[in-house]
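Trainee: Counting in our numbering, the first sequence runs without a single skipped number right up to 723 at its last residue.
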Amino acid sequence: MSLLDNLNPEQLAAVTLPNQHALILAGAGSGKTRVLTTRIAWLIQTGNVSPNGILAVTFTNKAAREMLTRISAQLPINTRGMWVGTFHGLCNRMLRTHYRDAGLPQLFQIMDSQDQLSAIKRVLKAMNVDEEKFQPRQMQYFINGAKEEGRRAAQVEAYDDFSRRSVEIYAGYDEQCQREGVVDFSELLLRSFELLSRNEVLRDHYRNRFRHVLVDEFQDTNRLQYRWLKLLTGPNSFLFCVGDDDQSIYRFRGANVGNMADFERDYQVQNIIRLEQNYRSHGHILAAANALISNNARRLGKNLWTAAGEGEQLRVYEAQSDGYEAAWIAEEVQNLVKEGHARRDIAVLYRSNAQSRLIEHALFSQGIPYRVYGGLRFFERLEIKHALAYLRLIASPDDDGAFLRVVNFPTRGIGTRTIEQVQDAAKVTGGSLFAAASHLTGKAALTAFTRMIEALRTETAGLQLKEVVEHMLDRSGLIRHYENEKEGADRIENLNELVNAAALFVQETEGEDSNNLASFLAHAALESGENQAAEGTDALQLMTVHTAKGLEFFAVFVTGLEEGLFPHEQSASEDDGLEEERRLMYVAITRARERLYLSFTQTRMLHGQTRYNVASRFIDEIPAGLLKWLTPRLRGQMAQPAWSEPSGWAASAASTPSRKAAAPQNAHGYRIGQAVMHAKFGQGVIVSAEGQGADARLQINFGRQGMKWLALEYAKLTPA
DNA sequence: CGCACGTGGTTTTTT
DNA sequence: ACCACGTGCG
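This is the structure we're talking about:
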């Protein structure tokens with residue numbers, strides 16, 4: 004049995020490509036991960052490179068783990084010499100090794116986004132900045148954006164008062180981080196990048212070592228990540244990038260699909276290999292995806308095909324309201340389960356998280372087990388953050404963020420006044436809050452706290468990691484605190500889970516890092532933990548389309564296919580926004596193996612108001628022959644509100660699934676929610692109206708033609 | 001210190 | 001409609 008068995012010709016070409024740079028355009032379901040791991044195994048097996056010479060980078064820990072597992076399964080080698088991980092994980096590894104050259108303390112701590120936000124708030128306070136004008140969230144976005152472009156504060160161009168001040172805040176923030184010995188996620192990348200660009204010796208060392216650099220999901224890389232890859236790849240190394248421009252859906256967080264074209268040009272890539280055979284979906288599903296994505300102008304070009312049969316048509320359902328849509332989903336899922344399909348093999352996808360509420364409600368009342376993805380992860384839970392802050396303070400007393408989080412939690416009589424005094428004292432000395440607190444006399448509670456931390460530090464020195472955590476939980480009073488709280492049982496359970504996590508970390512990590520508090524803390528920051536446990540039960544899967552990327556299911560529901568929601572209205576104003584929405588729809592469609600449901604609703608409750616919808620253009624972009632309408636295709640009557648105000652045009656209230664009301668028309672012969680036809684704008688839905696008689700004006704949603712206000716007297720409308 | 005109330009925001013997310 | 005966060009009072 005050879006590595007290369009059962010590869011199709013394109014996969015084989017990619018796996019066995021002689022030493023050169025390569026771009027692999029890997030369509031959805033085309034065996035991308037298999038190609039990547041087999042390539043690595045093949046390079047090693049053929050003696051082309053030793054495991055030491057491999058660097059493979061992904062975006063998520065899950066993908067990195069899967070890659071390692073599959074390599075191990077293909078080759079009986081020790082994978083330890085390879086660098087396989089996320090961009091952040093690999094940069095962390097490099098910075099830990101060269102912390103001095105990178106200008107970092109040995110035990111630098113990693114902040115997650117939450118920590119970063121509170122750090123920014125502290126900077127704003129310290130700099131006396133108006134938080135109304137310079138909103139912490141915006142500053143976070145600004146700083147991370149700059150870092151991902153590879154710019155320090157000094158390199159950011161400021162052209163007005165606002166941006167000048169923003170740059171000052173960025174500089175102040177970086178200073179604070181340096182003082183406190185903490186780095187944020189983008190800093191890991193930027194610091195590593197700067198280290199390599201400044202330090203020629205190190206750069207050459209890594210360039211000579213990593214002969215083969217392989218990148219997964221290359222379309223998701225940002226500018227800095229690409230520049231980092233360029234630095235790392237020397238004249239004797241080869242970059243092997245795998246990606247799919249049609250699945251680029253993360254522009255909003257800095258991903259730059261342009262990296263694919265840049266790579267092709269910068270490296271004079273001779274070989275672009277297209278993996279176009281899809282092993283996942285039936286023919287009609289694939290045809291729908293191909294037709295849809297062909298509406299995008301800027302593509303590298305690719306057409307998926309399958310050896311499987313056509314399969315079923317896509318089932319389209321039009322619901323009266325979001326409530327009805329949810330009820331229909333629940334019913335249809337029951338049918339699928341009756342037919343013998345596992346719930347875990349069925350997914351309900353939506354564009355935005357808010358949509359899950361009603362669907363959950365319907366599933367709950369039908370008693371259908373489900374699992375919602377997204378939301379709080381293990382290491383992000385409050386009690387865990389507190390526990391980690393204690394550990395951080397043990398490892399690194401300069402960490403002011405950690406200090407502030409737990410100095411008075413559990414409450415121990417240290418109030419705002421005392422903390423202010425500590426902050427003032429620290430400002431004078433330029434030291435950390437912890438140091439200032441240790442020197443402040445006359446505050447018994449405060450002294451007790453610093454003593455407790457110091458005692459923890461000495462008492463836990465040399466202990467097993469698991470024991471360190473246990474001891475901290477006891478000494479800090481965290482467990483006791485939650486024991487006294489009504490809802491504390493879950494939190495205690497999570498804290499105990501943290502002890503297990505520590506034990507597991509030691510067990511699974513080999514080498515010098517294994518029983519090391521700092522590496523455990525880095526692990527906690529970089530791998531925020533699985534979303535929810537509840538494994539084992541066979542549950543229906545609920546998630547956003549974004550979250551579904553990379554997954555596949557027997558049956559998929561793509562819900563809320565309405566203009567304004569999917570494609571989302573806020574994407575309309577963004578450059579490339581609509582095309583990205585379409586790629587998102589492409590991702591959604593290609594998740595399904597055999598059955599695909601598309602649904603939309605006439606009315607939907609959004610931000611407390613009923614919205615009247617027009618079906619998504621994405622449905623129209625799928626050839627009619629591939630669709631099977633489950634509801635009569637009433638292009639005319641898009642919306643049926645519960646009632647309209649008898650006088651005038653005040654917005655109508657929500658309809659409930661249990662009530663199907665006849666919508667009375669008002670004196671004009673039109674009602675809110677009614678579908679109308681306009682000579683120029685085509686089909687639309689009356690959304691709201693104002694004025695009476697000759698002055699009456701109607702607001703009409705013409706879908707892709709936009710929302711228009713028209714005077715009833717002049718607009719040539721006909722009921723559609 | 002903890003709760004009650006008011007206010008703003010509300011696309012997508014990993015590290 | 002709903003949630004998260006911040007302020008002010010008891």
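Note that beta-carbon positions come from the ideal geometry of N, C-alpha and C, so glycine has one too. A quick note: this is a predicted structure, and the numbers were derived from the prediction, not measured.
Among R460, D403, P413 and V409, which one has its Cα closest to the Cα of A439?
Mentor: For A439, the nearest C-alpha among the options comes from D403.
Trainee: Note down the Cα distance separating G175 from M130, rounded to an integer number of angstroms.
Mentor: In a straight line, the C-alpha of G175 is about 8 Å away from that of M130.
Trainee: Can A591 and L352 be called in contact, C-beta distance under 9 Å?
Mentor: A contact, by the Cβ cut-off of 9 Å.
Trainee: Looking at C-beta atoms only, is the number of pairs between the region 388-403 and the region 458-475 that lie closer than 8 Å three or more?
Mentor: Yes, since at least three Cβ pairs between the region 388-403 and the region 458-475 fall closer than 8 Å, the two stretches touch.
Trainee: DSSP three-state call for G92: helix, strand or coil?
Mentor: Correct three-state label for G92: helix.
Trainee: State yes or no: is the C-beta of V559 within less than 9 Å of the C-beta of R614?
Mentor: Result no, Cβ atoms of V559 and R614 do not sit closer than 9 Å.
Trainee: Kindly provide the ranges of any alpha helix (DSSP H) runs that are 4 or more residues long and lie completely inside the region 476-512, ordered along the chain.
Mentor: Counting whole runs of 4 or more residues, the region 476-512 contains the alpha helix (DSSP H) stretches 481-486 and 491-511.
Trainee: Roughly how many angstroms separate the alpha carbons of L481 and T450, rounded to a whole number?
Mentor: Approximately 18 Å, taken between the alpha carbons.
Trainee: For a quick check, are the C-beta atoms of Y209 and M114 less than 9 Å apart?
Mentor: No, these two residues do not count as a Cβ contact at 9 Å.
Trainee: Apply the 10 Å Cβ neighbour rule to H761 and answer buried if 16 or more other Cβ atoms are within range, or exposed otherwise.
Mentor: Summary: the structure shown does not reach residue 761, with the chain confined to residues 4 through 723, and so no result is reported for it.
Trainee: Quick one: grab the DSSP three-state call for F569.
Mentor: Three-state result, F569: coil.
Trainee: Could you check whether R254 and E572 sit closer than 9 Å to each other, using their CB atoms as the reference points?
Mentor: For E572 and R254, no; Cβs fall outside 9 Å.
Trainee: Could you pull out every residue in the same chain whose Cβ sits closer than 7 Å to the Cβ of A525, ignoring the five residues on either side in sequence?
Mentor: Cβ within range, chain order: N95 and I113.
Trainee: To the nearest angstrom, how far is it from the Cα of A718 to the Cα of S576?
Mentor: Spanning the two alpha carbons is a distance of roughly 27 Å.
Trainee: Taking 6 Å as the limit between beta carbons, can you name the residues of its chain near S650, skipping five residues before and five after?
Mentor: With a pLDDT of 30 at S650, under the threshold of 50, the predicted position of this residue should be treated as unreliable, though the coordinate-derived value follows. Here the set comprises nothing.
Trainee: Would you kindly work out how many angstroms separate the C-alpha atoms of E530 and H389, rounded to a whole number?
Mentor: Their backbone Cα atoms lie some 17 Å apart in a straight line.
Trainee: Which runs of the alpha helix (DSSP H) fall wholly inside the region 261-316 and span at least 4 residues, in chain order?
Mentor: Here the runs fully enclosed are 261-269 and 286-296.
Trainee: What residues in its chain sit with their C-beta under 6 Å from that of N262, if we drop five residues either side in the sequence?
Mentor: Hits under 6 Å: T224 and Y229.
Trainee: Once the 5 residues before and after T604 are set aside, which same chain residues still bring their CB inside 8 Å of it?
Mentor: Cβ neighbours of T604 beyond the five flanking positions: E321, A322, Q323, S324, D325, Y327, E328, G563, E565 and N616.
Trainee: With DSSP as the reference, identify every bridge partner of P722, one or two as the case may be.
Mentor: P722 pairs with V679.
Trainee: Given this structure, state the Cα-to-Cα distance separating T606 from H91, to the nearest angstrom.
Mentor: If you take the alpha carbons of T606 and H91, they lie about 43 Å apart.
Trainee: Who are the Cβ neighbours of R415 in its own chain at under 6 Å, not counting the five residues just before and after it?
Mentor: Hits under 6 Å: A448.
Trainee: Could you give the C-beta distance for L436 and L407, rounded to a whole number, given that I count them as a contact under 8 Å?
Mentor: The Cβ separation is near 7 Å, so the contact holds.
Trainee: May I have a chain-ordered list of the alpha helix (DSSP H) segments no shorter than 4 residues that lie completely inside the region 357-394?
Mentor: Correct list: 359-368.
Trainee: So, for M142: in the same chain, excluding its five sequence neighbours on each side, which residues have a beta-carbon less than 6 Å away from its beta-carbon?
Mentor: The residues are I123 and I172.
Trainee: Using the three-state DSSP reduction, which class does Y176 fall into: helix, strand or coil?
Mentor: Helix.
Trainee: Could you please give the first and the last residue of the uninterrupted beta strand (DSSP E) stretch that includes A59?
Mentor: Element bounds for A59: I57 to T61.
Trainee: DSSP state of R318, grouped into three classes?
Mentor: In this structure, R318 counts as strand in the three-state DSSP scheme.
Trainee: In the DSSP assignment, find the beta strand (DSSP E) that holds S602 and state where it starts and stops.
Mentor: That run of the beta strand (DSSP E) goes A595 to L609.
Trainee: Among the residues of its own chain, which have a CB less than 7 Å from the CB of Q426, if the five just before and after it don't count?
Mentor: Around Q426: L436.
Trainee: Counting Cβ pairs closer than 8 Å, one from the region 26-45 and one from the region 235-255, do we hit at least three?
Mentor: Counting Cβ pairs under 8 Å, three or more are found: they touch.
Trainee: Sorted by chain position, which residues of the same chain lie with C-beta nearer than 6 Å to H287's C-beta, five sequence neighbours on each side aside?
Mentor: Taken in chain order, the residues that qualify are E313, G314, Q316 and L629.
Trainee: Using only the alpha-carbon positions, how far apart do A294 and S240 sit?
Mentor: Cα to Cα, A294 sits roughly 39 Å from S240.
Trainee: Under the DSSP definition of a beta bridge, which residues are partnered with S632?
Mentor: Looking at the sequence provided, one finds Trp at residue 632 rather than Ser. According to DSSP, W632 bridges with V319.
Trainee: Taking the alpha carbon of P635 as the point to measure from, which residue in A521, A714, R318 and E267 has its own alpha carbon closest?
Mentor: Among A521, A714, R318 and E267, the Cα nearest to that of P635 is on R318.
Trainee: Tell me which residues share the same chain as L498 and place their Cβ nearer than 8 Å to its Cβ, disregarding the 5 neighbours each side in the sequence.
Mentor: Cβ within range, chain order: E386, I387, A390, L476, L481, I482 and Y485.
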